[in-house]
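A short write-up of the structure that comes next.
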Amino acid sequence: MHGDGKTLMHIQRRNVKACLSQQNHSVDSKSGFASVENPNEWKDVLDSKIWDLPTENNDILPALRLSYQHLPSHLKRLFAYCSLFPKDYEFDKHELVLLWMAEGFLRTSETHREMEDVGFRCFDKLLSRSFFQRSNTGAESRFLMHDLLNDLARHVAGRVCFKLDDKAESNVQRGTDSLLKARHSSFIRHQYDGSQRFEAFNRVRKLRTFLPLPVFKTPPWQDFYLTNQVVNDMLPQLHFLRVLSLSGYNILQLPNAIRNLKHLRYLNVSDTRIKQLPESVSELYNLQTLLLRDCSWLTKLPTDTGNLINLRHLDVAGTKKLQEMPLGLCKMASLQTLSKIVLGRGLKVNALRGLSNLRGVLSIIGLHSVMDAQDAREANFMRKEGLEELEMVWSSDFDDSRNEMIEKEVIDLLKPSTNLRRLGVKHYGGVEFPSWLGDPSFSQLAHISLSDCRHCTPLPSLGHLTSLKKLHISGVKGVKTVGNELCGVGWPHVGDAFPSLETLEFVDMVDWEEWSTNLSNDDANFGQVFPRLRKLIIDRCPNLITISLSRLSSILVLEISQCQEVLLTHMVSVACATSTLKIREILGLVQLHDRVTRFLGESLEVLVIRECNELISLWQRDHACHNLANLREVTVWQCSGLVSLVGEEGQDLPPNLERLDIRRCNNLEKLPNRLKSLKSLRSLSIRECPRLVILSTAKEDKAQSIINNGKAEDIMMESFSHLEALTVWGCPSLAAFPLGQRIPATLKRLDLYGNCDKMEQDSEEMWLSKSAAPSPLLEYLCINGWVSLQFLPGFLSNFVHLTSLTIINCPGLESFPERGGFPPAW
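Take the sequence shown: its position 479, counting from 1, is numbered 479 in full-length UniProt numbering, and each next residue is one higher.
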């Protein structure tokens, strides 16, 4: 190593020691120096007086402050802006870049890169220096900042950024001089936001950012309201605004005075109840981003939207009522995001011709309105290399106005770039799929959905798409046979067919009769078919009977619905390694055939049966249970013909069964006596089975039990010596627990729901009986819908571990226990 290198290493080691001498925090402070390579720079870091600053009155570690100081100036600005986010807030990478762009933080004068690309590059640099970290949710675009870095961002941002919710700084009470310096503001959205909350904005006339942030863990049905005084009066007076978000509020309209916000670059009214934007929005000539995602009431855009020539992102995804779009879209040459375009009423597909910068997702609605196929050629989709997801949608009305030949020409000429990753074709009326669909040059295509292309025969050859992971085919009702053409036989190819496919779905193929993938000697170049298939779904294919497939040993999940019983037997023999089998409305299914249990053998772990009304029992013979040695979960719902789980009394159940869930089986009369022998049983749930007589289980069973709508007079609570959770729901015949019995001492959760008339009548005696006092281990108690309940039990104080008491819809309740009647920790 040369001298400079040795010097650099020596100084670096001393710096590491300095970093390590700080308090032990989970944030990597050393990563901020990763780009420092000059020995003199490293020496400056070591000699910095920041290491000697007192930390008693400052929670910012010197190492973190140094990390920030060694950022380039443009990254410092971007990082400081993130002080608008509260601690633990998860932000979206793409959204943050759009905010940076709106604030004017991204410059492209020295490069030919788009501003968004510059922003993504800056983001990645901050990420590489650990100023950001990935979210634990698994979403690729979600990130957050460590608490210490959030403190650092607030520190360096100073008075330029302020949060209404910042109690530490009490922003609303700041002096006028302090507020005059504020440029960016954020706040947590409240359910009811009135004008008093925003009084501080009367003193912040040069505000550039008005950014409400969503509440953590809010239920999806929660509504949020913002007073009209803020929307109509206050906001139009903030003439310097560049970023305005009203996302998530229950607002119905924007004022015409929004035209006053001449500097506005970013307008987000996603997830609101706006029906249409005022025409004055089209006067916001500096607007770069307009977000209208999930505005389910939106019906139209301003007529002169095309005047927004600087608009780069127009997101109208999730706007089902938006049935027309302005004609001037072709003038917005800078558009990168156009999530949906609705053709018709004068707007033609060739309006997309000049939008060569489109990226991401595009859905084209109304392709049936294209009367001249040359319009599709002029749209020039092959040149739109930034598109990753494309959906082509025709009308669901297959009337006489449809022209099959024109539709075939149109889809041929709409051939996209080979960079495409997802493709959807819906309601297409041609008799053939386009020639380009299945071309191996689409090497990045990972997801294909073909829906309601009812006249197409045969299916396209897709087996050579090396990246295809999910294939959904539904409503292709003209297909009777699926054969080797789907695999791509006839194309010059060597190797496996569908080498990466993991999920395959066939839905609503009413005329489909035969499925075969057996290759002839002429197809010797082919290897395996579906070598990585994990999940297979066949739904509403009632005539599919003939199966000639090679064994698909990679399948783990098999779902079959509204098909013949013979198909179930055939498919199980092919997918013999299935661990999860879900079946629904299987015609002719009386019991699971011996072949089914034999083929699945020890691989099956989860069995779900729904709406099989001809089903009488799950199986007939004992050896079926022995075959299913690893079956852990059984769910049986809405099987009206089911009388018993097993064919004959005394038969065994699968020896390792852990969870049994039975619901709405109106004729189920009994559970097997051998249920008591299942020492592995952890959860027993029985709901709305009015003819069922619940049998007791052995004392040693450790289970969770839900008894619902059953004739449950025969429950022997003392048998459940290890019961941990009990739910009683809608059992009108169930009286109070026998007073000579104690509820199991192991019980941790007790849910008592309404429609238990006899229990309610006897509730006073039950509550007062000390012998019936529930377990002291109880942690959760819920009483719901007991209209006759007048008072709570006086022995609640015995529940020393009780952490949750829920009482819902008990209108007769008169009083709570007196002082001392609750657990001592309350």
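C-beta atoms are modelled at their ideal positions from N, C-alpha and C, and glycine is treated no differently.
Open item on the list: Please give the ranges of any beta strand (DSSP E) in the stretch 430-515, keeping only runs that are unbroken, at least 3 residues long and fully inside the region.
Closed with: Within the stretch 430-515, the complete beta strand (DSSP E) segments of 3 residues or longer fall at 447-451, 470-474, 495-497 and 503-507, listed in chain order.
Open item on the list: What does the Cβ neighbour count give for Lys-384, buried or exposed, with the cut at 16 atoms within 10 Å?
Closed with: Flag for Lys-384 reads buried.
- [ ] Count the other CB atoms, across all protein chains shown, that sit within 10 Å of the CB of Trp-100; report buried if there are 16 or more and exposed otherwise.
- [x] Burial call: buried.
TODO: Check whether the Cβ atoms of Phe-123 and Phe-132 sit closer than 9 Å, and answer yes or no.
DONE: Their beta carbons are under 9 Å apart, which means Phe-123 touches Phe-132 by this criterion.
Task: Per-residue burial, His-112 [other beta carbons within 10 Å of its own, 16 or more giving buried] - done: Label assigned to His-112: exposed.
TODO: For Gln-444, collect the residues of the same chain with a Cβ closer than 8 Å to its Cβ; drop the 5 residues on either side in sequence, then sort them by chain order.
DONE: Correct list, in chain order: Thr-418, Asn-419, Leu-420, Arg-421 and Ser-467.
Task: Continuous alpha helix (DSSP H) stretch holding Gly-194: start and end - done: Element bounds for Gly-194: n/a, residue is neither H nor E.
Open item on the list: Quick check: what's the CA-CA separation for Leu-642 versus Gly-527?
Closed with: The alpha-carbon atoms of Leu-642 and Gly-527 are separated by roughly 44 Å.
TODO: Have a look at Arg-77 and Thr-305 and give me their C-alpha separation to the nearest angstrom.
DONE: The straight-line gap from Cα to Cα measures roughly 32 Å.
- [ ] Starting from Arg-77, trace the alpha helix (DSSP H) both ways and give me its first and last residue.
- [x] Taken as a continuous stretch (DSSP letters only), the alpha helix (DSSP H) holding Arg-77 covers 73-81.
Task: Arg-259 (DSSP reduced to helix, strand or coil) - done: Note: Arg-259 maps to helix in three-state DSSP.
Task: the stretch 580-588 / the stretch 543-561 touching (three or more Cβ pairs under 8 Å) - done: Contact between the stretch 580-588 and the stretch 543-561 is present, with at least three C-beta pairs closer than 8 Å.
Task: Backbone secondary structure at Gly-601 - three-state DSSP - done: In the structure shown, Gly-601 sits in a helix (DSSP, three-state: H, G or I).
Task: DSSP state of Tyr-68 mapped onto helix, strand, coil - done: Here Tyr-68 sits in helix by DSSP.
Open item on the list: Using only CA atoms, which one of Ser-296, His-155 and Arg-377 lies nearest to Gln-69?
Closed with: Closest by alpha carbon: His-155.
Open item on the list: Using a Cβ-Cβ cutoff of less than 8 Å, which residues in the same chain neighbour Thr-546 once the five nearest sequence positions on both sides are dropped?
Closed with: Annotation for Thr-546: Glu-513, Glu-514, Trp-515 and Ser-516 place their beta carbon closer than 8 Å to its own, counting only its chain and skipping 5 residues before and after.
Open item on the list: Please report the distance separating the alpha-carbon of Tyr-192 from that of Tyr-249.
Closed with: For the pair Tyr-192 and Tyr-249, the Cα-to-Cα distance works out to about 9 Å.
Open item on the list: Quick check: Val-204 and Leu-238, are their CB atoms within less than 9 Å of each other?
Closed with: Judged by beta-carbon spacing, Leu-238 lies within the 9 Å limit of Val-204, meaning their Cβ atoms are closer than that value.
Task: Through-space distance from Leu-568 to Thr-218, alpha-carbon basis - done: Approximately 42 Å between the Cα atoms of the pair.
- [ ] Can you grab the Cα-Cα spacing for the pair Leu-486 / Val-596, in whole Å?
- [x] Distance from the CA atom of Leu-486 to the CA atom of Val-596, rounded to whole angstroms, is 28 Å.
Task: N-terminal and C-terminal residue of the beta strand (DSSP E) that Arg-749 is part of - done: Under the DSSP assignment, Arg-749 falls in the beta strand (DSSP E) whose first and last residues are 749-753.
TODO: Following the continuous beta strand (DSSP E) through Val-634, name the residue where it begins and the one where it ends.
DONE: From DSSP, the beta strand (DSSP E) with Val-634 extends over 633-637.
TODO: Compare the C-alpha of Ser-683 against each of Glu-724, Leu-671 and Pro-690 and name the closest.
DONE: Proximity to Ser-683 across Glu-724, Leu-671 and Pro-690 peaks at Glu-724, based on C-alpha coordinates.
Task: Supposed close pair Leu-287, Leu-254 - CB separation, criterion 8 Å - done: Not confirmed; about 13 Å, so no contact.
Task: Identity of the residues DSSP links to Arg-205 by a beta bridge - done: Arg-205 pairs with nothing; no bridge assigned.
Open item on the list: Taking the straight line between their C-alpha atoms, what separation do you get for Arg-402 and Leu-314?
Closed with: Rounded to the nearest angstrom, the two C-alpha atoms are 31 Å apart.
Open item on the list: Would Val-529 and Gly-483 qualify as a contact pair, given that the criterion is a beta-carbon distance under 9 Å?
Closed with: In this structure, the beta-carbon distance from Val-529 to Gly-483 does not fall below 9 Å.
Task: Buried versus exposed call for Ala-745 [16 or more other C-beta atoms within 10 Å across all chains shown] - done: Counting Cβ neighbours within 10 Å, Ala-745 comes out exposed, since fewer than 16 surround it.
Task: Distance between beta carbons of Glu-605 and residue 891, contact taken as under 8 Å - done: This structure does not reach residue 891, given that the chain is present from 1 up to 826, and the question cannot be answered.
Task: Distance, Val-230 Cα to Asn-202 Cα - done: If you take the alpha carbons of Asn-202 and Val-230, they lie about 11 Å apart.
- [ ] Classify Phe-381 as helix, strand or coil using the three-state DSSP reduction.
- [x] Helix.
Open item on the list: Quick check on Ile-783: does DSSP put it in helix, strand or coil?
Closed with: Under the three-state reduction of DSSP, Ile-783 is assigned to strand.
Task: Glu-116 beta carbon less than 9 Å from that of Thr-209 - done: No, Cβ-Cβ distance for Thr-209 and Glu-116 is not below 9 Å.
Task: Residue interval of the alpha helix (DSSP H) (run including Val-160) - done: Val-160: not part of any alpha helix (DSSP H); DSSP gives it neither H nor E.
Open item on the list: Short of 6 Å in beta carbon distance, which residues of its chain neighbour Phe-752, apart from the five on each side in sequence? Order them along the chain.
Closed with: The amino acid at residue 752 is misidentified as Phe; the sequence shows Leu. Closer than 6 Å at the Cβ level, and outside the excluded window around Leu-752, lie Val-728 and Ile-783.
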